[in-house]
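Step one of this worksheet: look at the structure below.
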Amino acid sequence: MVKSSSRLYLSVFAMMLSVIVHAQDSLKNEKPQMADALRSNGKIYVVVVVLVIILIGLFLYLVNTDKKISRIEKNIK
Amino acid sequence: MFLKNWWKLLSFFLLLYTFTAGFLGKVPAKPILNETIRNLYFHVAMWFGMMIFFIVSVIYSIKYLRHNRASDDIYAMEFARTGIVFGLLGLITGSVWARYTWGDFWSNDPKQLGAAIALLIYLAYFVLRNSLTDIDKSARISAVYNVFAFAMLFPTIWIIPRLVESLHPGGMGNPALDTKDIDSRMRVIFWFGAIPGWTLLGVWISTLRIRLQLLSLKHELHG
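Given below as structure tokens:
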């Protein structure tokens, strides 16, 4: 009786082992996760728009500063 | 006007290209890195900019030592300053990137330490400059120091990172990029968009500061 139950446990353990090995196998074959869903949903464009706005704002500020310095240069000359 | 400033417009369009193609373009799928590989266009470009500005800075320092022109010293100082700004941004962005790939903001990696030491050496350039009250002496000593600081870039960011094991890509070879990690699509955006775009932006900011410094120099000379 004791023997048969331990055999049962052993066989269940062996079955689970194969499941674990299988799971690791599939983990290894899994491709690295990329934000493909984000892209297909179109949300990445939101990020791009935000960045482009910041970029434009930053450059407008620089142009403004550049002009101001040019004006001072002209006045001093 | 346009003939003189075309490169400022170019900088804008190159960065516009980097910001759009950099996010919408396809990138190679890599484990751990995932989408963060796009940081190449921003984080790595900061270091390239820093190196270029430090090279320009040391050239003007040598020019100053040869000809003793105050304007050369101003050029050297302002390019070193922009270099430090880009370097600090590179260090901060790198440590954020490291947090989500290597697991920690700071792992005492040889490349992190080397970059930090290089930046501290350049920060000392400004400490030295500002501690000397005599203008000529300050310019002369800091020009000599700048040559030394530039020489220290070789071991800190160019030699040691190539010799030691590191978490950073490109372990035993190029310290910044493993060329196997990026493909031709990324290479185009990186070399033709991000690097010249960011560098020209830095040059623009430097020239603005240089012009202001030259104005104040003129003001001091002529009352």
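Sequences listed follow chains A and B, in order.
Reading the first sequence from the start, the letters are residues 181 to 257 in this note's numbering.
Reading the second sequence from the start, the letters are residues 3 to 225 in this note's numbering.
No residue lacks a Cβ here, since even glycine has one placed at the ideal position from N, Cα and C.
Here the structure is a predicted model, which is why all the values come from computation and not from measurement.
At a cut-off of 8 Å between beta-carbon atoms, residue 33 (chain B) makes contact with chain A.
Taking a C-beta distance under 8 Å as the contact criterion, residue 170 (chain B) and residue 99 (chain B) do not qualify as a contact pair.
Residue contact check for residue 226 (chain A) against chain B: no CB pair falls below 8 Å. Taken through DSSP and simplified to helix, strand or coil, residue 160 (chain B) comes out as helix.
Just measuring C-alpha positions, the residue of B:9, B:97, B:102 sitting nearest residue 36 (chain B) is B:102. With fewer than 16 other Cβ atoms from the protein chains shown falling within 10 Å of its own Cβ, residue 26 (chain B) counts as exposed. Per the coordinates, the alpha-carbon of residue 218 (chain B) lies some 10 Å from the alpha-carbon of residue 212 (chain B). Between residue 235 (chain A) and chain B, the shortest Cβ-Cβ separation is below 8 Å.
Across the structure, residue 223 (chain B) and residue 18 (chain B) are spaced so that their CA atoms are roughly 41 Å apart.
Under a 10 Å Cβ-count criterion, residue 70 (chain B) is classified as exposed, with fewer than 16 other Cβ atoms of the shown protein chains found around its own Cβ. Distance from the CA atom of residue 229 (chain A) to the CA atom of residue 201 (chain B), rounded to whole angstroms, is 23 Å. Put simply, of B:108, B:107, B:84 the residue whose alpha carbon is nearest the alpha carbon of residue 128 (chain B) is B:84.
Taking 8 Å as the upper bound for CB-CB distance, residue 13 (chain B) and residue 206 (chain B) are in contact here, some 6 Å apart. Each residue's CA atom was taken as its position, placing residue 240 (chain A) and residue 166 (chain B) some 44 Å apart. Following the DSSP letters along the chain, one finds residue 74 (chain B) inside the alpha helix (DSSP H) bounded by residues 72-103. CA-to-CA, the gap between residue 48 (chain B) and residue 215 (chain B) works out to about 24 Å. In its chain, beyond the 5 residues on either side, 78, 145, 148, 149 have a beta carbon closer than 7 Å to the beta carbon of residue 63 (chain B). For residue 152 (chain B), same chain residues with a beta-carbon under 7 Å away, outside a window of 5 residues either side, are 56, 60 in chain order. Here residue 90 (chain B) is not near residue 188 (chain B), since their CB atoms are 8 Å or more apart. The C-beta of residue 128 (chain B) comes no closer than 8 Å to any C-beta of chain A. If you draw a straight line from the Cα of residue 198 (chain B) to the Cα of residue 52 (chain B), it comes to about 12 Å. Where residue 46 (chain B) is concerned, the enclosing alpha helix (DSSP H) starts and stops at 45-69. Distances from the CA of residue 232 (chain A) to each of B:82, B:109, B:15 were compared; the closest alpha carbon is that of B:15. Counting along the chain, residue 133 (chain B) sits inside the alpha helix (DSSP H) bounded by residues 112-133.
Across the set B:6, B:68, B:116, the C-alpha of B:116 shows the shortest separation from the C-alpha of residue 168 (chain B). Exposed is the label assigned to residue 227 (chain A), since fewer than 16 other Cβ atoms lie within 10 Å of its Cβ.
Interface annotation, residue 187 (chain B): not in contact with chain A, CB-CB separation never under 8 Å.
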